[in-house]
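Following this note's numbering, the numbering of the sequence shown begins with 141 at its first residue and continues without gaps.
Every residue, glycine too, gets a C-beta built ideally from N, C-alpha and C.
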Amino acid sequence: AKGRLLMLIILGALLVFGVRARGGFRRRIWMILVLFVWVDLTTHQPNLAPTISRSVYAEKNIAETSLADARMGVGRALPSDAAQNYFLSGPSKPLTEHFREKRAGLYSDMNLLDEVAKVNGFYSLWLPRFGEVQHLLYDGPHELRQGFADFLGIRHVTSSRSPIEWMTRNTARPLVTAGQAPVVMSFAEIQAALPTPQFNPAENVLLETPISGPVRDRSATVTNLQWVAHRIRFRVNAAVPTMATIAQSHYHCWRATLNGAPVPIHLANGAFQALAVPAGDSEIVMEYVDRGFQIGAMLSGLSVLMAMGFWLRLRA
């Protein structure tokens, strides 16, 4: 506190001398004042954002090999409820050790460092429907609701022995499947059905709006799946009209075509996606197209061009 008070007195004195001085001496006083302001800004409090060495980020994650099939378009991992609570309020440890442990346990968005896909994370914005159903996955600190977890393609879940140890789930379904029969329910009924043992994502897809035609087709297959950022492409072969379900959060910016013709994407299983597909072989392409973002980007670009034009005109 005494050091800060001394710094304040020095800055005040330099300010007074700088105002009253004349000529070259005044310039030197202002230069010294700027130097003291910089010193004050860089020393007035300790570093509140601790850092770790860059080499720690380059280390191989101990979970990377055991979660090889938790990848975009293939499957997902999910930390248990107990593991998330441990990382959130567990014992204090050295920063580097703490980081390594959280990375191995896929806490928050740590999974992005190793390109591991998981169900949840830390988001600045949450889709309302997903936020209302994702908590239904847990059935206690270490247990999952099996049917719901199978639908979401959860291939790995935290072991009850350690927050950084992973168990494999062999019942997880692919992220894109076909052959389910539509069952119409209200959202409240869907919320009640998802956590129950009776929910079977291989048999039915739960919709909130009626759709006529599709039925159960156990012979339906999904092939040629290509899943990249903003685009999903796959083929469905079915003996009768049926449904294809995509374990991806429903959002209005997604567009779908079936054999080149636009088709609606239905809100399925509370917060996800489904399409009606006809009998035979069909190609489905889903693309994320945010018109609002595109218009905003065009307006921003136009504003930059106008500003540059005015600037060049003023210089002429």
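{"Item": "Does DSSP put K142 in a helix, a strand or coil?", "Value": "helix"}
{"Item": "In the DSSP assignment, what residue or residues form a beta bridge with T397?", "Value": "P402, V425"}
{"Item": "Assess contact between the region 368-375 and the region 406-426, defined as three or more Cβ pairs (one per stretch) separated by less than 8 angstroms. Is contact present?", "Value": "yes"}
{"Item": "Leaving aside the five residues before and after I169 along the sequence, list all residues of the same chain whose C-beta is less than 8 angstroms from its C-beta, in chain order.", "Value": "L154, F157, G158, A161"}
{"Item": "Is the number of C-beta pairs between the region 297-307 and the region 344-361 that are closer than 8 angstroms three or more?", "Value": "no"}
{"Item": "Could you tell me the alpha carbon to alpha carbon distance between P400 and V196, rounded to whole angstroms?", "Value": "The sequence shown places Gly at residue 400, rather than the Pro named in the question. Distance between the alpha carbons of G400 and V196 is about 47 angstroms."}
{"Item": "What are the boundary residues of the beta strand (DSSP E) that includes G319?", "Value": "316-324"}
{"Item": "Going by C-alpha distance, which of W394, V355, Y278 is nearest N225?", "Value": "Y278"}
{"Item": "If you measure between the beta carbons of K258 and A210, is that distance less than 8 angstroms?", "Value": "yes"}
{"Item": "Please report the residue range of the beta strand (DSSP E) in which R243 lies.", "Value": "From DSSP, R243 is part of no beta strand (DSSP E) but of the alpha helix (DSSP H) over 235-244."}
{"Item": "Between L207 and the rest of its own chain, which residues show a CB-CB distance below 7 angstroms, the 5 nearest in sequence each way excluded?", "Value": "A217, V256, H296, W306"}
{"Item": "Candidates I330, P335, A342: which alpha carbon is nearest A318's?", "Value": "A342"}
{"Item": "With distance defined between alpha-carbon atoms, name the residue in R144, R166, E204, A189 nearest to V177.", "Value": "R144"}
{"Item": "Helix, strand or coil for R162, going by three-state DSSP, please let me know.", "Value": "coil"}
{"Item": "The beta strand (DSSP E) that contains Q286, what's its start and end?", "Value": "Per DSSP, Q286 belongs to no beta strand (DSSP E); it is in the alpha helix (DSSP H), 286-291."}
{"Item": "Report all residues from its chain with a CB closer than 7 angstroms to the CB of V273; omit the five preceding and five following residues, and keep chain order.", "Value": "Q331, L334, G410, A411"}
{"Item": "Distance, Cα to Cα, P268 vs Q338?", "Value": "25 angstroms"}
{"Item": "Between V403 and L415, what straight-line distance do the alpha-carbon atoms span, to the nearest angstrom?", "Value": "8 angstroms"}
{"Item": "I need the boundaries of the beta strand (DSSP E) containing W367, first residue and last residue.", "Value": "361-368"}
{"Item": "Would you mind giving the Cβ-Cβ distance between P354 and P322, rounded to the nearest angstrom? I have them listed as a contact below 8 angstroms.", "Value": "5 angstroms"}
{"Item": "Please state whether DSSP places N251 in a helix, a strand or coil.", "Value": "helix"}
{"Item": "Looking at the unbroken beta strand (DSSP E) that takes in M448, where does it start and where does it end?", "Value": "No beta strand (DSSP E) holds M448; the alpha helix (DSSP H) holding it covers 431-455."}
{"Item": "Taking M383 as the reference, which of Q366, I351, W394, H392 has the closest Cα?", "Value": "I351"}
{"Item": "Which residues mark the beginning and the end of the alpha helix (DSSP H) in which R269 is found?", "Value": "268-273"}
{"Item": "Considering just the uninterrupted stretch of the beta strand (DSSP E) at V417, what are its terminal residues?", "Value": "412-417"}
{"Item": "Please list the terminal residues of the continuous beta strand (DSSP E) segment that includes I330.", "Value": "Careful: I330 lies outside any beta strand (DSSP E), inside the alpha helix (DSSP H) at 327-333."}
{"Item": "Going by DSSP in three states, Y226 sits in which element: helix, strand or coil?", "Value": "helix"}
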